[in-house]
Amino acid sequence: MVNPGHPTHPSYPPVYPPVYPPVNPGYPPYYPPQVQIQQFRFQSSSFVFGSDARQSMENAADALRRAGYTVLEKRNDFNAYTLVFLAPSSLRVQKYVSGNFVFGSEAQRAAEEFVRAMEGQGKVVLEKNVSGTSFTVSYLTSGYGGYTQQQTYRSGNFVFGSDAQRSLNETAAALQGIGAVILEKRLEGTSYTIVFQYSYKLETQNYASGNFVFGSDAQRSMAETAEALKRVSGVVVLEKRLSGTSYNIVFFAPNTLQTQKYVSANYTFGSDAQRAAAETAAALASQGMIILEKNVAGTQFTITYVYGGYQYPY
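What the sequence shown shows, in the numbering used here, is residues 287 to 600, in sequence order.
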């Protein structure tokens with residue numbers, strides 16, 4: 287019998303760290319989960335024209351086949367249709383019904399944009415139905431919605447419809463910039479509505495300015511405030527709305543933005559107040575503060591600012 291402590295023993299000297307035999311990568315065996323196939327029966331809504339129903343049915347059948355699903359039956363009932371198909375049981379049929387647009391052409395364009403958004407996410411569109419000034423789109427989606435949430439943003443009232451239209455486009459671009467999927471954007475006179483999907487619930491915050499002496503000063507300050515807010519970590523500016531000699535800005539932020547306000551004493555001359563406001567703003571900026579608003583009214587000034595780093599929630 288060999289003494290384990292003897293130098294000729296194969297385990298002497300010991301090896302650190304110890305070397306173990308290789309693990310068999312095929313054990314334990316892996317069995318991938320089996321996809322459960324289910325029969326779906328989809329009934330469309332009623333179309334205005336039978337030709338539109340037939341076109342929508344054919345488009346849906348083609349989309350199902352391209353996705354690899356078996357179409358068992360497609361039946362046209364003049365202004366509606368029925369589709370029967372086989373698809374994974376994890377899928378669900380979702381229906382989206384829009385609000386009312388001013389013109390039917392706007393509803394048609396919005397429906398096409400919605401369909402492109404769904405197809406861009408790999409979803410199968412089962413129905414696109416424009417009826418008057420609204421639309422309906424039905425589509426196949428995962429039964430497990432994950433973290434994506436459908437949300438609606440409604441703007442305030444603008445003075446002119448053209449201002450609302452411009453803000454609508456800016457808001458949609460800002461949402462798309464953070465990865466949101468726009469489902470619907472709808473102008474309603476001097477306000478607008480945007481419906482979108484995002485990975486988590488976004489809470490809006492509001493910044494309301496003080497009153498300026500002139501509307502032109504408020505207009506200039508609004509643009510400066512919007513640019514300043516964009517420099518705060520995680521902030522997305524949604525809406526800028528001028529109202530006479532004041533303005534309102536709506537934005538998303540990951541946490542509650544806590545603003546600070548400095549109100550000066552009264553100076554003898556307005557020019558002194560103007561110069562002091564610039565000096566105070568520069569001093570705050572040198573300490574890492576972001577100046578949101580600088581408002582000189584007569585012989586007194588107000589400066590609103592926020593710290594540019596992490597914002598702690600309430």
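Here a beta-carbon is modelled for each residue, glycine too, at the ideal position from N, C-alpha and C.
Simplified DSSP assignment, three categories, for residue i
i: F400; result: helix
i: L369; result: strand
i: N581; result: strand
i: E359; result: strand
i: A557; result: The identity of residue 557 in the sequence shown is Ser, whereas the question assumes Ala. Here S557 sits in helix by DSSP.
i: N534; result: strand
i: L528; result: strand
i: N492; result: strand
i: Y600; result: The pLDDT assigned to Y600 is 35, lower than 50, so where the model puts this residue is not dependable, and the model offers no usable value.
Residues bridged to residue i (per DSSP)
i: R517; result: Looking at the DSSP assignment, R517 forms no beta bridge with any residue, so it has no partner.
i: R472; result: T479
i: I323; result: P374
i: F421; result: V416
i: I576; result: V592
i: L426; result: V379, V410
i: T545; result: For T545, which the question treats as bridged, DSSP gives no partner whatsoever.
i: R440; result: T479
i: F587; result: V582
i: F328; result: L369
i: Q435; result: Y484
Contact check, residue i vs residue j, beta carbons under 7 angstroms
i: S375; j: Q437; result: no
i: T427; j: K409; result: yes
i: F371; j: L350; result: yes
i: L369; j: F335; result: no
i: E525; j: S424; result: no
i: G520; j: A539; result: yes
i: Q586; j: N534; result: no
i: V582; j: Q560; result: yes
i: F459; j: K471; result: For clarity, residue 459 is Ala in the given sequence; the question names Phe instead. No, the Cβ-Cβ distance between A459 and K471 is not below 7 angstroms.
i: T554; j: I589; result: no
i: A393; j: F400; result: no
i: L412; j: A346; result: yes
i: A569; j: K580; result: no
Own chain partners of residue i with C-beta closer than 8 angstroms, once the 5 adjacent residues on each side are dropped
i: V265; result: Residue 265 lies beyond the residue range present for the chain, which begins at 287 and ends at 600; the question has no answer from this structure.
i: Q451; result: L473, Y478
i: S532; result: A494, S495, G496, N497, F498, A504
i: L358; result: Q325, V370, F371, L372
i: Q491; result: V536, F537, F538, A539, T542, L543
Own chain partners of residue i with C-beta closer than 7 angstroms, once the 5 adjacent residues on each side are dropped
i: F389; result: T419
i: V523; result: A460, A512, L515, K516, I535, F537
i: N362; result: A339, R340, M343
Residues near residue i in its chain [Cβ-Cβ closer than 6 angstroms; skip 5 each side]
i: Y367; result: S330, A339, M343
i: Y600; result: Note that Y600 scores a pLDDT of 35, beneath 50, so its modelled location is shaky and nothing firm can be said.
i: A397; result: K414, V416, F421
i: G385; result: R472
i: S550; result: Q586, F587
Q: Flag this pair as touching only if the stretch 492-503 and the stretch 414-429 have three or more C-beta atom pairs under 8 angstroms; answer yes or no.
A: Taking 8 angstroms as the limit for Cβ pairs, the verdict is that the stretch 414-429 does not touch the stretch 492-503.
Q.
With three or more beta-carbon pairs closer than 8 angstroms as the criterion, would you say the stretch 474-487 touches the stretch 546-555?
A. The stretch 546-555 and the stretch 474-487 do not touch, with fewer than three beta-carbon pairs separated by less than 8 angstroms.
(Q) Pairs of beta-carbons, one from the stretch 499-518 and one from the stretch 576-590, closer than 8 angstroms: are there three or more? (A) By the Cβ rule, the stretch 499-518 counts as touching the stretch 576-590, because three or more pairs are nearer than 8 angstroms.
Q. Are there three or more Cβ pairs, one per stretch, closer than 8 angstroms when the stretch 460-471 is compared with the stretch 482-492?
A. Taking 8 angstroms as the limit for Cβ pairs, the verdict is that the stretch 482-492 does touch the stretch 460-471.
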